Structures are given as C-alpha cells and as structure tokens.
Amino acid sequence: MLKKIVSIIKNIALLLLVSSTLLLASEQRISISNLCSPSSPMLPMIIEGNAHEETENSIEMKELSKKLLNSIEYGDFFGIYAMLASPQLNNIINLQDESGRTALISAAKNSGVDTVTALIKYGANPNVQDEGGYTALHYAIEENNSEAAIILIQNNADPDLINYAGQTALLLAIEQNNYTIVTALIDSGADLNLQTGADYEQTPLMCAVLCNRYAMVNTFIERGAKLNLQDDEGYTALIHAIRINDSKMAIALIESKADLKLQDTNDANALSCAIEVKNAEIVIALMENGANLTYQNYHFKTTFHFAIRRKSKDVLDVFFEYDLDIQEENIENIIDEIPTAYGQEAQLQIDEFKQYLRTKIETNIQDFSPAIKPAKRKRDDQPFEKEKKRCLENGKEEAE
C-alpha cells in the first residue's frame with residue numbers, strides 16, 4: 048500500500064515538473080528539446096504539442112496579415128485602423144504574403160500617405176523586398192505617389208536597393224520624370240554613381256541623358272556625379288547624348304569637362320560618334336574643347352575620312368572651315384574609295400557628292416580665310432535654371 052502511495056506521488060511530481068517546464072519554455076521561448084532528457088518518454092509528446100501550437104499561431108498570424116493586406120488594398124480604412132489596434136500587430140506588420148508583399152509595400156502601391164505614415168509609426172520595415180526585389184519606396188515612386196515616397200525616404204528607406212530589373216529608387220524616379228523625388232533621394236544620400244548590372248551598368252546620369260531629363264542632368268553635374276564612367280558597352284554619358292543626337296545635352300556635358308578621348312567597345316570616341324550621327328553642332332563643340340582631330344581607329348583612317356564615308360556635308364563643311372591639314376591627293380584617293388551605288392538615282396547622288404568634295408577642296412585650298420571659323424559659343428545656363436525652377440514648383444520635369 049505504501050509503495051502505491053509513493054508511486055502516485057512520484058507521478059504527480061513528474062506531471063508538475065513537465066507542466067512547469069512547458070510554462071517556462073512558452074514564456075522564455077526556450078527549446079523544449081534542450082530542457083528534456085533525450086530518454087524522457089514525455090519528449091515526443093512535448094515536441095508534438097509545441098509544434099502544433101506553433102502551427103496554429105503561424106496560421107492565425109498569416110490570416111491576420113492577409114486581413115490587413117486586404118483592408119489596405121481595398122481602401123477599408125476602418126479595417127486598417129482596427130488591425131493597427133490589434134494586440135497582434137507587432138507579429139504581423141512585417142509578415143510577407145506568397146508574393147513577398149508586406150502591409151507597407153501594399154500601402155505604398157495602393158494607399159495614401161496617411162496609411163504609409165501610420166504603418167511606419169507602428170514599426171513597419173521600409174526595406175523589405177518582395178519577390179521582384181521591389182521595396183515600398185520602389186512602388187511609391189512607380190505609382191508617382193510623391194508624398195508617400197518622401198515619408199519613406201525620411202524614415203530610413205534605403206535609396207540604393209536594387210530590384211530584379213536592375214532599378215534603384217533613383218533610376219525609377221528619373222524614368223517617372225519626378226524631379227521632386229530625385230532631389231529628395233540625392234539629399235538622402237543616394238549613390239549618384241551606382242551602376243546596375245541589369246541595366247547595362249548604366250549610372251543615374253546616363254539614365255537621365257537617355258530619358259532627356261535636362262534639369263536632372265544639370266543637377267547631377269552640380270551635385271558631383273562622375274561624368275566619365277562607362278557602361279558595359281563603353282559608353283559614357285556624353286557618348287549616349289551624342290548617339291541620341293541631343294545637341295543640348297551633349298554640349299552641356301562637353302562644357303562640363305567630360306573626357307572627349309574615351310572610347311567605347313567599338314573603338315569609337317565622342318567625335319567619331321558625332322560624325323556618325325552627322326551632327327555638325329556637336330562636332331564644332333568638340334573641336335572648340337580640344338577633341339583630337341587626328342584620331343584614328345580600325346574602321347577609318349582619320350575623322351575627315353570617316354565624315355566622307357558617312358557623306359555628311361554639314362560635318363565636312365565644318366572641317367573645311369577649320370582648315371584641317373587636308374592634302375588634295377589624299378582626299379582624291381578617299382573619294383575614289385567611295386563605293387558605287389546600286390541604281391541610277393543613288394549613283395547620281397554619289398556623283399554629286401564627289402563633285403561637292405572636289406569643289407570644296409579647290410575652294411578651301413585657294414580661298415580659305417580664318418575669318419570664317421565659327422565663333423566659340425558660351426554655354427547658356429538660363430534654360431537649365433528655368434527648367435530647374437519649373438521642376439521645383441511642379442515637382443515634375445517636362446521632357447522637351
């Protein structure tokens with residue numbers, strides 16, 4: 048009888064020990080497996096019970112998070128603020144759904160600045176990235192939600208996070224033509240020289256050039272962006288400006304002391320690119336700022352030779368006016384190299400071009416006067432200043 052009583056007391060003590068262990072583990076988040084001996088018959092039961100409890104909690108948190116996301120997506124403000132008052136808010140505010148969205152990402156994409164502000168106040172992380180690498184800041188900019196973007200920037204959103212399309216917040220702001228956000232990002236320390244792999248290693252300055260954002264380009268130059276970085280094709284911002292035949296942009300970069308000698312992966316420099324697009328205005332600006340006129344590459348003998356091959360009369364007129372060291376017999380050889388065209392009309396154009404060259408050579412040798420050289424222009428900063436003022440007032444730059 049006494050042995051039975053002792054056995055019952057031992058069992059009761061064991062149950063009390065297990066109960067207190069479970070309570071301690073629940074309160075202090077201590078692993079049950081570390082508290083129980085591997086040989087204990089209670090261990091499998093304890094682990095199974097804890098796993099079941101964690102699964103139920105996880106499901107509950109996901110359901111609450113989904114409810115918050117749906118309230119944000121459908122603009123249910125009562126639902127949003129009810130969830131913000133939930134005692135479980137800390138457990139769900141940064142949970143991600145199957146596509147990686149958090150409440151803040153959804154708010155930046157679908158809601159106004161009030162919801163974004165409230166979520167940040169309650170601890171939402173602005174730097175969580177969804178399955179596409181987008182953050183809340185990416186979405187706010189993409190949706191042109193400037194107020195939300197500014198709030199995120201002011202609350203430590205990382206401006207240099209890159210989505211899987213290779214875009215930073217700054218690149219998106221340039222593409223969206225949002226001057227207000229661009230300046231806010233620069234003020235917050237966004238890297239002006241960050242080159243992203245998915246976008247041909249282009250910098251924000253290159254992106255602004257390609258998007259014709261004149262005021263942004265001027266701002267980048269003023270704020271110290273490096274002018275001579277090259278993308279994976281060897282293009283600088285200047286070469287990009289020339290390739291899209293944008294005289295205003297190219298001249299601004301030339302007069303800001305961009306390197307005129309850098310070559311792309313095809314061995315072309317700024318001058319040869321200007322000849323390629325037949326832009327005499329850019330050619331003049333390059334010549335006035337020290338471009339190497341004797342430059343050669345494997346495609347052509349000299350810049351003059353290349354201008355002839357491109358049949359660019361405007362550029363050739365500039366070269367004749369600048370009295371390049373042109374020898375008549377060498378030019379005649381180059382003229383003879385111009386290939387015969389197919390078709391009578393095309394061949395007539397070739398013959399007329401050859402006659403134009405011979406006439407120009409004769410005139411240049413006999414009657415050239417230095418007085419006809421184009422006068423060196425001074426850069427007109429007024430258009431840039433006017434654009435910047437308008438952009439600051441409107442928050443958006445209008446592409447010309």
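Quick note: the sequence shown uses our numbering, first residue 48, plus one each step.
Backbone N, C-alpha and C fix where the C-beta goes; we use that ideal spot for every residue, glycine too.
A quick note: this is a predicted structure, and the numbers were derived from the prediction, not measured.
message: Quick check: Gly451 and Ser133, are their CB atoms within less than 8 Å of each other?
response: With the chain covering only 48 through 447, there is no way to say anything about residue 451.
task: Give the secondary structure of Ser402 by DSSP, where H, G and I count as helix, E and B as strand, and everything else as coil.
output: Stepping through the sequence shown from its first residue, residue 402 is reached at position 355. The sequence given here places Gln at residue 402; Ser does not occur at that position. Assigned with DSSP and collapsed to three states, Gln402 falls in helix.
task: Taking only the alpha-carbon atoms, compute the straight-line gap between Gln223 and Gln394 and give it to the nearest angstrom.
output: Translated into positions along the sequence shown, residue 223 becomes position 176. Translated into positions along the sequence shown, residue 394 becomes position 347. One C-alpha to the other measures close to 47 Å.
message: Distance check for Glu190 and Thr227, CA to CA, integer angstroms please.
response: Position 180 of the sequence shown, counted from the start, is the residue given in the question as residue 227. Position 143 of the sequence shown, counted from the start, is the residue given in the question as residue 190. If I take the Cα positions, the gap works out to 14 Å.
- prompt: Which two residues bound the contiguous alpha helix (DSSP H) that contains Lys168?
  reply: Numbered from its first residue, the sequence shown carries residue 168 at position 121. Run containing Lys168: Val160 to Lys168, per the alpha helix (DSSP H) assignment.
message: Taking 8 Å as the threshold (C-beta atoms), are Thr164 and Ile188 in contact?
response: Translated into the one-based positions of the sequence shown, residue 188 becomes position 141. Translated into the one-based positions of the sequence shown, residue 164 becomes position 117. Taking 8 Å as the Cβ cut-off, Ile188 and Thr164 do not qualify as a contacting pair.
- prompt: What are the start and end residues of each continuous beta strand (DSSP E) run of 3 or more residues lying completely inside the segment 116-160, in chain order?
  reply: none
- prompt: Helix or strand or just coil, what does DSSP make of Leu307?
  reply: Counting from one through the sequence shown, the residue named residue 307 turns up at place 260. The answer is coil: DSSP assigns Leu307 none of H, G, I, E or B.
message: Quick check on Thr215: does DSSP put it in helix, strand or coil?
response: Translated into positions along the sequence shown, residue 215 becomes position 168. Three-state result, Thr215: coil.
Other residues of its chain near Ala196: CB distance less than 7 Å, five sequence neighbours each side excluded: Translated into the one-based positions of the sequence shown, residue 196 becomes position 149. Here Ala196 has Leu184, Ala187, Ile188 and Ile228 as same chain residues with Cβ atoms under 7 Å from its own Cβ, once five neighbours each way along the sequence are excluded.
task: Please list the segments of the alpha helix (DSSP H) lying wholly inside the segment 181-250, counting only runs of 4 or more residues, in order along the chain.
output: If we require 4 residues or more, the alpha helix (DSSP H) runs fully inside the segment 181-250 come out as 183-189, 193-201, 216-222 and 226-234.
task: Alpha carbon to alpha carbon, how far is Gln143 from Leu309? Give it in angstroms, no decimals.
output: Reading the sequence shown from its first residue, position 262 is the one you call residue 309. Reading the sequence shown from its first residue, position 96 is the one you call residue 143. Rounded to the nearest angstrom, the two C-alpha atoms are 47 Å apart.
message: Starting from Asn265, trace the alpha helix (DSSP H) in both directions and tell me its first and last residue.
response: Here residue 265 corresponds to residue number 218 of the sequence shown, with the count starting at 1. First-last of the alpha helix (DSSP H) with Asn265: Tyr261 to Glu269.
Cβ neighbour criterion (16 or more within 10 Å) applied to Tyr211: On the sequence shown, position 164 is the one that residue 211 refers to. Exposed: under 16 other Cβ atoms inside 10 Å.
- prompt: Can you check whether the CB of Ile209 is closer than 8 Å to the CB of Thr243?
  reply: On the sequence shown, residue 243 is found 196 positions in, with the first residue counted as 1. On the sequence shown, residue 209 is found 162 positions in, with the first residue counted as 1. Yes, Cβ-Cβ distance for Thr243 and Ile209 is below 8 Å.
message: For His352, which residues in the same chain have their Cβ closer than 7 Å to its Cβ, ignoring the five residues on either side in sequence?
response: Here residue 352 corresponds to residue number 305 of the sequence shown, with the count starting at 1. Counting only Cβ-Cβ distances below 7 Å, and skipping sequence neighbours, we find Ile381.
- request: Using beta-carbon positions only, say whether Asn316 and Tyr282 come within less than 8 Å of one another.
  value: Residue numbering aside, residue 316 sits at position 269 when the sequence shown is read from its first letter. Residue numbering aside, residue 282 sits at position 235 when the sequence shown is read from its first letter. Cβ distance not < 8 Å, so Asn316 and Tyr282 don't count as in contact.
query: What three-state label does DSSP hand Leu395 in the structure shown?
result: The count along the sequence shown starts at 1 and reaches residue 395 at position 348. The answer is helix: DSSP assigns Leu395 an H, G or I state.
- request: Note the first and the last residue of the continuous alpha helix (DSSP H) segment covering Cys320.
  value: For the purposes of this step, residue 320 is identified with residue 273 of the sequence shown, where counting begins at 1. Taken as a continuous stretch (DSSP letters only), the alpha helix (DSSP H) holding Cys320 covers Ala317 to Glu323.
- request: Figure out for me which residue from Cys258, Tyr247, Lys273 and Lys304 has the closest Cα to the Cα of Asp238.
  value: Indexing the sequence shown from 1 puts residue 238 at position 191. Considering only alpha carbons, the answer is Lys273.
- request: Please report the Cβ distance between Ile301 and Asn336, rounded to the nearest whole angstrom; I am assuming they are in contact, meaning their Cβ atoms lie under 8 Å.
  value: Sequence index remark: in the sequence shown, residue 301 carries index 254 (1-based). Sequence index remark: in the sequence shown, residue 336 carries index 289 (1-based). Confirmed, Cβ separation roughly 5 Å.
message: The alpha helix (DSSP H) that contains Ile329, what's its start and end?
response: In the sequence shown, the residue the question calls residue 329 occupies position 282. Start and end: Ala327 to Glu335.
Alpha-carbon spacing of Ala129 relative to Asn172, whole angstroms: By 1-based counting over the sequence shown, the position of residue 129 is 82. By 1-based counting over the sequence shown, the position of residue 172 is 125. Those two C-alpha atoms are separated by around 20 Å.
- request: Report all residues from its chain with a CB closer than 6 Å to the CB of Ser359; omit the five preceding and five following residues, and keep chain order.
  value: Working through the sequence shown from its first residue, we reach residue 359 at position 312. Short of 6 Å from the beta carbon of Ser359, and not among the five residues preceding or following it, lie these beta carbons of its own chain, in chain order: Lys325.
task: Out of Thr230, Leu131, Asp364 and Lys109, point me to the one whose CA is closest to Lys168's CA.
output: For the purposes of this step, residue 168 is taken as the residue at position 121 of the sequence shown. When only C-alpha atoms are compared, the closest one is Leu131.
task: Could you tell me how far apart the beta carbons of Leu166 and Ile200 are, in whole angstroms, since I believe they sit closer than 8 Å?
output: Counting from 1 along the sequence shown, the entry for residue 166 is found at position 119. Counting from 1 along the sequence shown, the entry for residue 200 is found at position 153. Incorrect: roughly 15 Å between the Cβ atoms, too far for contact.
task: Classify Gln277 as buried or exposed, calling it buried when 16 or more other Cβ atoms lie within 10 Å of its own Cβ.
output: Along the sequence shown, one-based indexing puts residue 277 at 230. Residue environment: Gln277 is assigned as buried (16 or more neighbouring CB atoms within 10 Å of its CB, all protein chains considered).
Per-residue DSSP class, three states only, for Ser294: The sequence position of residue 294 within the sequence shown is 247, counting from 1. Look at Ser294 here: in three-state DSSP terms it is helix.
message: Relative to the C-alpha of Thr230, which candidate in Leu363, Phe267, Arg405 and Val330 has its C-alpha closest?
response: If you number the sequence shown from 1, residue 230 lands on position 183. Minimum Cα distance to Thr230 is reached at Phe267.
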